[in-house]
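Residue numbers (the numbering used here), protein chains in the order written: chain F, 1 to 370; chain C, 371 to 719.
Read the structure below first, then the notes.
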């Protein structure tokens, strides 16, 4: 006989246990019915998942053998006890909120302007990542995708458009459309699965690629959207860092073409390629030659005495009022060397969360009963 | 609507920086999701408000203090912001509704609208001489902040795709109530996966985005074949879980399946958008039933995958290790045998 596992229920009464068994039996029968309806349409579970959808513990309805070996229906109290103790565990919501509050508290060890990075932080490390979507084409047996190398382009960057999929491409007609007006900005037919084209100064911000693709077995249409900007500012210089209390301060020079609220982000790396932190500074800037300071808090530098550099610099003019769209600028260099920095010059003063951040943590802690 | 009991002590404590507010002290502000019928009807402001109330009527309407209603035939960064978000933001700021703190409760595309709001509300309100809203957290049900491949399909069909694929066109028509055309795609353009994931992708404000995800379908599974991984019939789990990258995911957790089974999920989400925390998953909850009162089976937790900024796991494995190694075990949240996922969530507001 199988050894029963330890029970981790937070509280059980026989009456509550009866309700649990009744509801589980009811949900199992309804789940079985819904599973039968859905199964013929749903896609296969992804590889590695050995759990079938809507599967419920099958043991609930099993009989249990007594010592003589003959199958025997258990008394209700025993069935409740068995169903509750066998193969099912429950956890409290307060414990779940405690986990969330721990995660959030950990994040508040670092200021928002200087947050640590690990190699899996794709969104910070690849902020212009294009999310390619593969879709069914023709009669649906084949898939294809229209993709670009990134989401945002800034003049005069060229655009490269590619088609990939399960069918060979004989030729395609590429159109660029203004998403708002549907005016055609560009049209060209090519006998390949990719096309590079130059950007233009009069392009709108939001552009749709419409590809009418001649596959070997038929023609279909795919679309993909991207953004194209005229640069509103340029980072012209990044100076050597210095110590400023608990922060390593990195002065940045920026030539501003359009005044507004600017958000500058950059990833701090070691020269050998290890990501350290994402640095952010938001500041209102006027036109002309301006300066701001990116800061790396001692808590992210963690004794790093390597040669440092800034990469993945983003220059964003934020929306200042509803209806105004964000615009983007450029960095004169893709990588800005910072040299080495003696982190022992920094004061070891822990970051103090803002009142709002503390309140958010308190909300999670309250939900956790802390 | 629920009346709020706003403590003056909380307000003064906020001003002094010594805050210790309790759960239940915060105003609840609802942001609904995509409403397909509005693509054709193109409602006026009065109808948008009526539709917004009807959207939440089943449960959350009576639990909330305010709503932000918006029309699906418009775009988030355009008319949705100027004509619907902005007037409400001003009203909430001027009334002080969120001064002690607000929790946004969002559904579907409301998750994406909320992210755009979180990234811009401070700038907009400060530029207008108003106090920014103090948003404590969001509860995101069936969040479409990562976009939906159905949006990509719909736009493709509107642009001429799908001539040979009646099954695909039927599935989209079932979802939208009609076949999309170039004149009626509205917010579907924002819902395209690439567009959604780049719309205000990385807000500075570190508001916790708490996620609730489902795995059942309102459409007899006809749309699920077009969504990668597990899905709720409209959004795939890469979006509802808050994964940092779109993809084919089997769960919001690498350790527990949507139905609560404790088994390694090699297709589970392990990296999340910043400050996105998966909390509950319900295999019998669909896109729409996640925000309804009706109980739809037990729910499980996805917090195993929550990590610190270093990438280190929060929860020690030892308490559950025996279960992963020794057969079929299921884990459910206490109370979920009788309470719906929305009722459970609301009990913490």
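For glycine and all other residues, C-beta sits at the position ideal for the given N, C-alpha and C.
Source: prediction; values computed, not measured.
Given a cut-off of 8 Å on the beta-carbon distance, is the pair residue i and residue j in contact?
i, j, result
"residue 426(C)", "residue 455(C)", "no"
"residue 675(C)", "residue 636(C)", "no"
"residue 576(C)", "residue 357(F)", "yes"
"residue 517(C)", "residue 562(C)", "yes"
"residue 679(C)", "residue 96(F)", "no"
"residue 443(C)", "residue 491(C)", "no"
"residue 231(F)", "residue 199(F)", "no"
"residue 269(F)", "residue 332(F)", "no"
"residue 131(F)", "residue 160(F)", "no"
Is residue i helix, strand or coil when you go by DSSP?
i, result
"residue 131(F)", "coil"
"residue 538(C)", "helix"
"residue 402(C)", "coil"
"residue 707(C)", "coil"
"residue 332(F)", "coil"
"residue 319(C)", "The question about residue 319(C) has no answer here: the residues shown for chain C are numbered 371 through 719."
"residue 63(F)", "Since pLDDT at residue 63(F) reaches only 31, below the 50 mark, its modelled position is unreliable, and no value is offered."
"residue 52(F)", "Note that residue 52(F) scores 34 on pLDDT, short of 50, meaning its location in the model is unreliable; the coordinates nonetheless yield the value given after this. If DSSP states are grouped into helix, strand and coil, residue 52(F) belongs with coil."
"residue 321(F)", "coil"
"residue 600(C)", "coil"
"residue 178(F)", "strand"
"residue 141(F)", "coil"
"residue 29(F)", "Because residue 29(F) sits at a pLDDT of 34, beneath the cut-off of 50, its placement in the model cannot be relied upon, and the point is left open."
"residue 638(C)", "strand"
"residue 555(C)", "coil"
Nearest by alpha-carbon distance to residue i: which of the options is it?
i, options, result
"residue 112(F)", "562(C), 573(C), 477(C), 518(C)", "573(C)"
"residue 383(F)", "276(F), 202(F), 262(F), 299(F)", "With chain F running from 1 to 370 in the structure shown, residue 383(F) is simply not present."
"residue 667(C)", "586(C), 552(C), 559(C)", "586(C)"
"residue 527(C)", "361(F), 228(F), 221(F)", "221(F)"
"residue 645(C)", "129(F), 126(F), 364(F), 155(F)", "364(F)"
"residue 405(C)", "415(C), 398(C), 603(C), 422(C)", "422(C)"
"residue 677(C)", "103(F), 304(F), 116(F), 161(F)", "103(F)"
"residue 337(F)", "308(F), 133(F), 347(F)", "308(F)"
"residue 482(C)", "511(C), 461(C), 502(C)", "511(C)"
"residue 499(C)", "701(C), 661(C), 460(C), 433(C)", "460(C)"
"residue 290(F)", "298(F), 252(F), 279(F)", "252(F)"
"residue 215(F)", "273(F), 167(F), 88(F)", "167(F)"
"residue 180(F)", "473(C), 419(C), 556(C)", "556(C)"
"residue 313(F)", "152(F), 155(F), 244(F), 264(F)", "264(F)"
"residue 137(F)", "633(C), 629(C), 534(C)", "534(C)"
Report the neighbours of residue i on chain C: residues whose CB is nearer than 8 Å to its CB, in chain order.
i, result
"residue 182(F)", "552"
"residue 282(F)", "574"
"residue 110(F)", "679"
"residue 218(F)", "534"
Give the range of the alpha helix (DSSP H) segment to which residue i is assigned.
i, result
"residue 164(F)", "Taken as a continuous stretch (DSSP letters only), residue 164(F) belongs to no alpha helix (DSSP H), being part of the beta strand (DSSP E) at 159–165."
"residue 424(C)", "415–426"
"residue 479(C)", "479–497"
"residue 526(C)", "519–528"
"residue 124(F)", "122–125"
"residue 228(F)", "Run containing residue 228(F): none in the alpha helix (DSSP H); it sits in the beta strand (DSSP E), 218–229."
"residue 99(F)", "93–107"
"residue 360(F)", "355–367"
"residue 565(C)", "563–568"
"residue 301(F)", "298–301"
"residue 464(C)", "456–465"
"residue 242(F)", "Per DSSP, residue 242(F) belongs to no alpha helix (DSSP H); it is in the beta strand (DSSP E), 242–244."
List, in chain order, every chain C residue whose beta-carbon is nearer than 9 Å to that of residue i.
i, result
"residue 225(F)", "525, 559, 562, 564, 565"
"residue 290(F)", "Neighbours of residue 290(F) on chain C: none; closest Cβ ~18 Å, over 9 Å."
"residue 172(F)", "Under the 9 Å cutoff, chain C gives no residues; its nearest Cβ is about 13 Å from residue 172(F)."
Residue i versus chain F: which residues are under 9 Å apart at the beta carbon?
i, result
"residue 466(C)", "Correct list: empty, because the minimum Cβ distance to chain F is about 15 Å."
"residue 681(C)", "118, 119, 120, 121"
"residue 456(C)", "321, 322, 323"
"residue 471(C)", "356, 359, 360, 363"
Is there a C-beta anywhere in chain D that falls below 8 Å from the one on residue i?
i, result
"residue 568(C)", "No chain D is part of this structure, whose protein chains are labelled F and C."
Given that residue i touches chain F, what residues does it touch there, using C-beta distances under 8 Å?
i, result
"residue 519(C)", "133, 135"
"residue 616(C)", "131, 133"
Name the chain C residues that come within less than 7 Å of residue i, Cβ to Cβ?
i, result
"residue 261(F)", "493"
"residue 210(F)", "529"
"residue 115(F)", "679"
In chain F, which residues lie less than 7 Å from residue i when you measure between Cβ atoms?
i, result
"residue 714(C)", "93"
"residue 641(C)", "120, 122"
"residue 522(C)", "133, 135"
So residue i is in the beta strand (DSSP E); what residue range does that whole segment cover?
i, result
"residue 260(F)", "260–270"
"residue 185(F)", "184–190"
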